[in-house]
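Numbering (our numbering), first residue to last: 5 to 351.
A short write-up of the structure that comes next.
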Ligand code: TXA
Ligand code: MG
């Protein structure tokens with residue numbers, strides 16, 4: 005059915021500050037270090053999406069991140085450290101987590117550990133756990149080494165909006181509100197890290213990503229997938245919120261509903277609108293001649309393109325019409341999760 009929905013993104017709160025986009029050279033890294041030490045927020049490239057970083061030990065700096073994003077106060081942040089940081093200062097490390105760190109870090113895997121309570125309580129929103137991530141991006145690592153302290157960083161988008169995969173996307177959401185964006189080009193992973201609960205005897209995926217359930221199970225023998233139970237407080241609070249939503253009107257069609265999607269496109273055009281279709285490459289070929297944002301063929305390609313195309317869609321389309329991709333399993337678990345939620349669908 006063609007029933008467009010509209011999402012409104014909160015506007016900027018005035019342009020008091022000049023936002024500089026800089027490559028991570030010596031001067032920029034020194035400046036980033038000064039900003040973080042002064043309790044400011046710095047956006048930085050990672051291999052998944054850009055992050056909005058603050059000193060994890062500084063209550064006021066962490067609160068600033070929540071305020072800038074408009075993030076609900078019960079949605080905890082991930083703490084980022086460089087590969088040589090001794091994480092035993094911050095968390096308890098169950099034995100099997102050593103194998104996961106050796107196998108997957110640095111990289112797009114966030115691990116949730118029992119916390120030792122050494123960072124600001126605002127980071128984990130009062131939970132007794134702490135999530136840690138060691139990014140592989142050279143820009144992120146240079147930044148984390150320059151500041152040499154744990155950095156709390158959510159994705160650098162306004163809450164509920166599409167995550168940023170370029171420095172310009174960050175500027176589109178926060179220009180005038182943050183002093184610095186450390187530019188590392190496009191984030192090649194394209195979707196946020198896998199979030200893995202490592203507080204129990206078997207690890208459990210809280211958010212799917214590029215490190216898949218299959219890969220984790222192969223490394224440590226078993227891996228669960230958390231499913232939220234209606235009415236119960238979710239283990240990963242972020243998954244309870246609508247997310248990744250483009251700011252234009254949207255419509256969604258399941259696999260096998262391409263004819264209905266085509267009719268929806270036609271009726272939007274008939275009204276004088278500019279519809280765009282967002283779909284995988286096989287569907288894009290069947291929509292030849294129409295305006296199409298083509299996600300590509302492979303799960304990795306779709307992950308890398310999804311957020312940039314959602315942002316392009318919201319800029320150009322009066323109505324963005326999603327057609328559910330066909331592939332499932334592995335990396336597609338993460339891609340499908342983001343795709344469905346961007347269009348208000350549960351996964
Ligand atoms: O790839 C990524 O993970 C990016 C880059 C910047 O590192 N960060 C990111 O952060 O996606 P954010 O804040 O957008 O998403 C963090 C997710 C949320 O769903 C949050 O609820 C969950 O991780 N999370 C963080 N700490 C947690 C904890 N202690 N227990 C359970 N879930 C946690
Ligand atoms: Mg986010």
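Cβ atoms here follow ideal geometry from the backbone N, Cα and C, with glycine treated the same way.
Limits of the unbroken beta strand (DSSP E) element including residue 199: 198-201 is the extent of the beta strand (DSSP E) around residue 199.
Where does the unbroken beta strand (DSSP E) through residue 26 begin, and where does it stop? That run of the beta strand (DSSP E) goes 24-27.
May I ask you to list the residues that DSSP assigns as paired with residue 115? Partner(s): 136 and 200.
Let me know the secondary structure DSSP gives residue 91 once reduced to three states. In this structure, residue 91 counts as helix in the three-state DSSP scheme.
Does the separation of the CB atoms of residue 186 and residue 41 fall below 8 Å? No, they are not a contact pair.
What do you reckon, is the C-beta of residue 157 under 7 Å from a heavy atom of the ligand TXA? The ligand TXA has a heavy atom closer than 7 Å to the beta-carbon of residue 157.
Please name the residue, chosen from 279, 140, 344 and 131, that lies closest to residue 78 on a Cα-to-Cα basis. By alpha-carbon distance to residue 78, the top candidate from 279, 140, 344 and 131 is 131.
Backbone secondary structure at residue 122 - three-state DSSP: DSSP places residue 122 in coil when its eight states are reduced to three.
Decide if residue 3 is buried, meaning its Cβ has at least 16 other Cβ atoms within 10 Å, or exposed. No answer is possible for residue 3: it lies beyond the span of the chain, which begins at 5 and ends at 351.
Select from 53, 47 and 27 the residue whose C-alpha is nearest the C-alpha of residue 309. Comparing Cα-Cα distances from residue 309 to each of 53, 47 and 27, the minimum goes to 53.
When the distance is taken between beta carbons, is residue 275 closer than 8 Å to residue 330? It is not a contact, given that the beta carbons lie outside the stated cut-off.
So, do the segment 278-288 and the segment 228-244 have three or more beta carbon pairs nearer to each other than 8 Å? Note that the segment 278-288 does not touch the segment 228-244; fewer than 3 beta-carbon pairs, one per stretch, sit closer than 8 Å.
Those runs of the alpha helix (DSSP H) which lie wholly inside the segment 278-327 and span at least 4 residues: List check, alpha helix (DSSP H) in window: 285-290 and 303-320.
Buried or exposed, going by whether 16 or more other CB atoms sit within 10 Å of the CB of residue 337? Flag for residue 337 reads buried.
Does the count of Cβ pairs from the segment 67-75 and the segment 34-48 closer than 8 Å reach three? At 8 Å Cβ cutoff, the stretches touch.
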